[in-house]
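Enquirer:
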Amino acid sequence: MQSKYKSKPLDCWQKGKELRLNYYKSLITAREEGRLLVSGSGASCLALPAGLGDFVYFSGEPYGASIGYDPAFSLEAMEAAEARGYARDMCGYMRNYWGSMFLDRYYFGGPFPKPDFFLTRHLCDAGHGKWYQVCKEYYDVPLFVYEQPVTPPGVRFEDVIEYLASQLYDSIEWMEKITGRKYDDEKLIEASRNFFKSEALWGEICLLNQAIPAPLDLKSELALMPIAIGIRHQPEAVAFYEALRDEVKDRIANQIAAVGDERCRLMTDLTPPWNFLKMFRYFEKYGVVFVGIWVYCINSGQIEIREDGVVLPAKTPEERNMPLNNRADALRAIALWHLESPLSQAFSSPKRKAFDIIALAKYWRCEGVVMHYNRGCPLCTLGSPEAKLELQKAGFPVAIYEGNFADFRELDESQVLDRLETFIQSLGLSKLED
4 MQSKYKSKPL DCWQKGKELR LNYYKSLITA REEGRLLVSG SGASCLALPA GLGDFVYFSG
64 EPYGASIGYD PAFSLEAMEA AEARGYARDM CGYMRNYWGS MFLDRYYFGG PFPKPDFFLT
124 RHLCDAGHGK WYQVCKEYYD VPLFVYEQPV TPPGVRFEDV IEYLASQLYD SIEWMEKITG
184 RKYDDEKLIE ASRNFFKSEA LWGEICLLNQ AIPAPLDLKS ELALMPIAIG IRHQPEAVAF
244 YEALRDEVKD RIANQIAAVG DERCRLMTDL TPPWNFLKMF RYFEKYGVVF VGIWVYCINS
304 GQIEIREDGV VLPAKTPEER NMPLNNRADA LRAIALWHLE SPLSQAFSSP KRKAFDIIAL
364 AKYWRCEGVV MHYNRGCPLC TLGSPEAKLE LQKAGFPVAI YEGNFADFRE LDESQVLDRL
424 ETFIQSLGLS KLED
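Residue numbers for the sequence shown follow this note's numbering, beginning at 4 and rising by one.
1. To the nearest whole angstrom, what separates the beta carbons of Val-241 and Leu-204, a pair I think is in contact under 8 Å?
2. Which term fits Lys-356, buried or exposed, when burial requires 16 or more other beta carbons within 10 angstroms of its beta carbon?
3. His-341 bridges to which residues according to DSSP?
4. Could you check if Ala-362 is buried or exposed, using at least 16 other CB atoms within 10 Å of its CB as the buried criterion?
5. How far does the beta strand (DSSP E) with Glu-150 in it reach, from first residue to last?
6. Sorted by chain position, which residues of the same chain lie with C-beta nearer than 8 Å to Val-401's C-beta, five sequence neighbours on each side aside?
7. Once DSSP output is grouped into helix, strand and coil, what is the label at Phe-279?
8. Measure the alpha-carbon distance for Val-294 versus Tyr-110 and round it to whole angstroms.
9. Let's see if you can read the secondary structure: which residues bound the beta strand (DSSP E) around Glu-307?
10. When the Cα of Leu-146 is compared with those of Arg-248, Gly-183, Gly-132, Pro-152, which residue comes out closest?
11. Quick check on Thr-384: does DSSP put it in helix, strand or coil?
12. Indicate whether Ile-70 and Phe-76 have their beta-carbon atoms separated by less than 8 Å.
13. For the alpha helix (DSSP H) that contains Tyr-27, what are its first and last residues?
14. Report all residues from its chain with a CB closer than 7 Å to the CB of Phe-105; omit the five preceding and five following residues, and keep chain order.
15. Out of Ile-192, Glu-161, Ser-47, which one is the CA nearest neighbour of Leu-126?
16. Using 8 Å as the threshold, is the C-beta distance between Lys-180 and Gly-54 below it?
17. Thinking just about the alpha-carbon of each residue, which of Pro-74, Leu-171, Met-270 is nearest to the one in Ala-338?
18. How many Å lie between Arg-422 and Leu-430 at the Cα?
19. Is there contact between the segment 293 to 311 and the segment 184 to 203, where contact requires at least three CB pairs shorter than 8 Å?
20. According to the neighbour-count rule (16 or more other Cβ atoms, all chains shown, within 10 Å of its Cβ), is Gln-428 buried or exposed?
21. For Ala-397, which residues in the same chain have their Cβ closer than 6 Å to its Cβ, ignoring the five residues on either side in sequence?
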């Protein structure tokens, strides 16, 4: 049967795969190439170490996700962490990372890359700071954690901005002390520009999926998003996301669809189980396209969700007439960028989280929402039941399933398929004819 819309793979798909693979290879070769290896949360400002010179940032979350994609390796890693007393209800990414470290086995080959130091943003009390404290104690290398306060929307940010920016100042002095290197502010400013631009571009790309038919599907987005989490402070990330954005706009202009038989648009809130992404291909048989995901539209990406529910692409600090002329400008801009992120604001209130998901569901023209009660991420799952009720009040059909994005033992694949298939059929859909 002929598809409703034209469909073809992304032209820049191969380039995206190369960037992702080269990033993971660079973690192995960093030291022999004379570059610093820094590790921490991928939610951190990756531009901060740039003033020290060449470095690679080992983002913990995408590495934990990569392991989660491979149940056999993940099982060994999880059991290695659990053998040291770490419980199964802790962050799934963290346990995969720790287990790989304890085993001294890097998922992409060879021994685990030992960082020169750890530098991380602390936003999640279920991980982040404590994650890298364990690593610091294991390797006996320095750790700096900068704490980001969670502030409700509408609160005056001035004192909070100063508090966060002052910690960023302290981190620079600390890095100079532990490395013996002089910090170059110009390199910080340039890396910050790339950081802001990459996040704004990724957010814009996610929002472009408002188009009918959707030019991207969720599985493709999940494959291309790690570039932002790993190297969004580098010009290569900016160049790639500019090319991807332009290609997505061209697909929209020519009605090139991610799913040729699109007839139902759904979104999800949290990261799906990495070992079970095939479920999205299964539901394409019903003409279903998952057009977006709340958490990765605003984590490693930046958008604006106004108080009236209007959704807009984010503007970088310089596009908002905030110059980046010196260290003070850059650090204040980083602090404000962190604090204004919808991700940060959503953690202040379940109602805010629900408000943002509803705003995106309307923006993406969704006909329903699939929610993942993710046992692997306590923070992101916080407030999910309340968000479900708010979505239903707003008129959106909602399906839920339970699982873990990084631990396959927490997922019943048959149950998830049965539950979501029933939900899709309740929307009046049946399988398409071959």
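For every residue, glycine included, the Cβ atom is placed at its ideal position computed from N, Cα and C.
Expert: In short, the structure shows the following:
1. Locating residue 241 in the sequence shown gives position 238, where the first residue counts as 1. Locating residue 204 in the sequence shown gives position 201, where the first residue counts as 1. Contact check for Val-241 and Leu-204: beta-carbon distance about 7 Å, within the 8 Å limit, so the pair qualifies.
2. Indexing the sequence shown from 1 puts residue 356 at position 353. A residue is called buried when at least 16 other Cβ atoms come within 10 angstroms of its Cβ; Lys-356 meets this threshold and is buried.
3. In the sequence shown, counting from the first residue as 1, residue 341 sits at position 338. Beta bridge pairing from DSSP links His-341 with no other residue.
4. Taking the first residue of the sequence shown as position 1, residue 362 is located at position 359. Under a 10 Å Cβ-count criterion, Ala-362 is classified as buried, with 16 or more other Cβ atoms of the shown protein chains found around its own Cβ.
5. Residue 150 sits at position 147 when you count from the first residue of the sequence shown. Glu-150 -> beta strand (DSSP E) spans 146 to 150.
6. Here the question's residue 401 lines up with position 398 in the sequence shown. Around Val-401: Gly-371, Val-372, Val-373, Met-374, Lys-391, Leu-394, Gln-395.
7. The sequence position of residue 279 within the sequence shown is 276, counting from 1. Phe-279 falls in the helix class under three-state DSSP.
8. Counting from 1 along the sequence shown, the entry for residue 294 is found at position 291. Counting from 1 along the sequence shown, the entry for residue 110 is found at position 107. Roughly 30 Å between the two C-alpha positions.
9. Mapped onto the sequence shown, residue 307 falls at position 304. From DSSP, the beta strand (DSSP E) with Glu-307 extends over 306 to 308.
10. If you number the sequence shown from 1, residue 146 lands on position 143. Measuring from the Cα of Leu-146, the nearest candidate turns out to be Gly-132.
11. Residue numbering aside, residue 384 sits at position 381 when the sequence shown is read from its first letter. In this structure, Thr-384 counts as helix in the three-state DSSP scheme.
12. Residue mapping note: residue 70 aligns to position 67 of the sequence shown, counting from 1. Residue mapping note: residue 76 aligns to position 73 of the sequence shown, counting from 1. Yes, Cβ-Cβ distance for Ile-70 and Phe-76 is below 8 Å.
13. By one-based count along the sequence shown, residue 27 stands at place 24. Here the alpha helix (DSSP H) through Tyr-27 covers 16 to 32.
14. Position 102 of the sequence shown, counted from the start, is the residue given in the question as residue 105. Answer for Phe-105: Ala-83, Ala-84, Arg-87, listed in chain order.
15. The count along the sequence shown starts at 1 and reaches residue 126 at position 123. Distances from the alpha-carbon of Leu-126 to those of Ile-192, Glu-161, Ser-47 put Ser-47 closest.
16. For the purposes of this step, residue 180 is taken as the residue at position 177 of the sequence shown. For the purposes of this step, residue 54 is taken as the residue at position 51 of the sequence shown. No, the pair does not count as a contact, with Cβ atoms beyond the cut-off.
17. In the sequence shown, the residue the question calls residue 338 occupies position 335. With distances taken between CA atoms, Ala-338 lies nearest to Leu-171 out of Pro-74, Leu-171, Met-270.
18. Within the sequence shown, numbered from 1, the residue matching residue 422 stands at position 419. Within the sequence shown, numbered from 1, the residue matching residue 430 stands at position 427. Each residue's alpha carbon lies about 13 Å from the other.
19. The segment 293 to 311 makes contact with the segment 184 to 203: 3 or more CB pairs, one atom from each, lie closer than 8 Å.
20. Position 425 of the sequence shown, counted from the start, is the residue given in the question as residue 428. That one is exposed.
21. Here residue 397 corresponds to residue number 394 of the sequence shown, with the count starting at 1. Result list for Ala-397: Ile-361, in chain order.
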